[in-house]
Amino acid sequence: MIISLLNQKGGVGKTTLAVSLAGQLTQLGSRVLLIDADPQGSALDWAAAREGEPLFPVVGLPRPTVHKEIQGFVGDYDHIVIDGAPRVTDLARSVIMASDVVVIPVQPSPYDIWSAEEVVGLVNEGAIYKEKLKSCFVINRKIVNTAIGRDVKEALANYDLSILDVTVGQRVVFAEAVASGLVVSEVAPKSNAATEVKAFANELLKF
Ligand SMILES: Nc1ncnc2c1ncn2[C@@H]1O[C@H](COP(=O)(O)OP(=O)(O)O)[C@@H](O)[C@H]1O
Ligand SMILES: [Mg+2]
């Protein structure tokens, strides 16, 4: 399966969730490739920060030809996760055309909910050319017991796109893991973050 994390807005958790998902799918025994399609190369930076054995390979393809270049990799992997680029529309279009499932991370803030309009538009446009394209929102950095955390699903429902049941909380361990090129299950296997990542991967595998 080719799963991309995409949102035109920066800082919503694309790289965090892409790395976490690739790690979890690897730990489930699959051959996984992570494609960094963001010219900023944050996923490549994550891989470079790691000491010792890589968990999975990371390649940089920050070009609007990802949908073509990915063909050279599909035969070698069970799953390919794409960390998408913010802002640049032709890069996003290429990532969408490369994907089986587009996952749109959103933070529970009104600003994030409004700005999702852009990426939802691109996904809907992609679905015209690619009938089997699936897409969904995942709520990231949810803060427990806040009104906005509760209302966000309702607000997103206006977009007519699925919302994953799993939500990923605001957990400092994500940032701590990234700093050393690790995933949360390596740093804190029993943490809420690790549990959420497992549930995230499982829900996507069934999606
Ligand atoms: N669930 C989370 N809990 C805590 N921090 C998070 C979480 N998701 C992302 N972050 C932090 O938010 C910042 C932006 O996340 P990142 O994955 O780089 O977003 P994007 O790739 O969409 O720009 C990073 O500093 C990251 O560590
Ligand atoms: Mg990123």
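Going left to right, the sequence shown walks through residues 0 to 206 as numbering that gives the first Met the number 0 numbers them.
Heads up, the beta-carbon is just placed ideally off N, CA and C, and yes, glycines get one too.
Asked	Found
Bridge-paired residues (DSSP) for I81	S3, I34
Closest residue to Y76 among L24, D89, E116, T64 (Cα-Cα distance)	L24
Distance between beta carbons of L4 and L16, contact taken as under 8 Å	5 Å
beta-carbon D89 near ligand 2 non-hydrogen atom, thresh 7 Å	no
Nearest-angstrom Cα separation, counted from Q26 out to I103	23 Å
Cβ contact check for the stretch 178 to 191 and the stretch 148 to 166: 3 or more pairs under 8 Å	no
Exposure label - S179; buried when at least 16 CB within 10 Å	exposed
Any non-hydrogen atom of ligand 1 within 7 Å of P85 CB	yes
Check whether A91 and L121 have beta carbons under 8 Å apart	yes
T166 vs K141 beta-carbon contact at 8 Å	yes
Simplified DSSP assignment, three categories, for R170	coil
Short Cβ contact (8 Å threshold) for V65 with S93	yes
Segment contact, 8 Å Cβ cut-off, at least three pairs: the stretch 30 to 40 with the stretch 48 to 56	yes
Beta carbon of G40 nearer than 8 Å to that of G59	yes
For A46 and I176, the rounded distance between their alpha carbons	In the sequence under discussion, the amino acid at residue 176 is Ala, which differs from the Ile named in the question. Roughly 11 Å separates the two Cα atoms.
Boundaries (first-last residue) of the alpha helix (DSSP H) holding G12	Where G12 is concerned, there is no enclosing alpha helix (DSSP H), given that its DSSP letter is neither H nor E.
Backbone CA spacing between K67 and D99 [nearest angstrom]	14 Å
L181 versus T14, E130, P109, I112, residue with shortest Cα-Cα distance	T14
Backbone CA spacing between I245 and V105 [nearest angstrom]	The displayed coordinates of the chain run from 0 to 206. Any statement about residue 245 would go beyond what the structure contains.
Limits of the beta strand (DSSP E) - the one that I138 falls within	133 to 141
Supposed close pair H78, I127 - CB separation, criterion 8 Å	Contact doesn't hold; Cβ gap of about 26 Å is too wide.
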